[in-house]
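In full-length UniProt numbering, the protein residues as written are 1 to 46.
No residue lacks a Cβ here, since even glycine has one placed at the ideal position from N, Cα and C.
Since we're looking at a predicted model, the values are computed, not measured.
Working notes, structure below.
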Amino acid sequence: MIADRLTENNELLKDIALNVPIRKQLPCAYLLLQLNFYIEIFRFKA
């Protein structure tokens, strides 16, 4: 299901965010927030 795949992608992004340099963590955190936002919209509509 699409929602499951989104969750998997979110886990992958978290792993990436934990492994990037400090100066690059803010864009990654922003990306995670955006992804979570779209997941919530998707779940609300589903």
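State the Cα-Cα distance for the pair residue i and residue j, rounded to the nearest angstrom.
i: Ile39; j: Leu26; result: 20 Å
i: Glu8; j: Ile41; result: 17 Å
i: Asn19; j: Lys45; result: 33 Å
Residues in the same chain with beta-carbon distance under 8 Å from residue i, minus the five sequence neighbours each way, listed in chain order, please.
i: residue 106; result: In the structure as shown, the chain begins at 1 and stops at 46. Residue 106 is therefore absent and cannot be evaluated.
i: Leu32; result: Asn10, Leu13, Lys14 and Ala17
i: Asn36; result: Asn10
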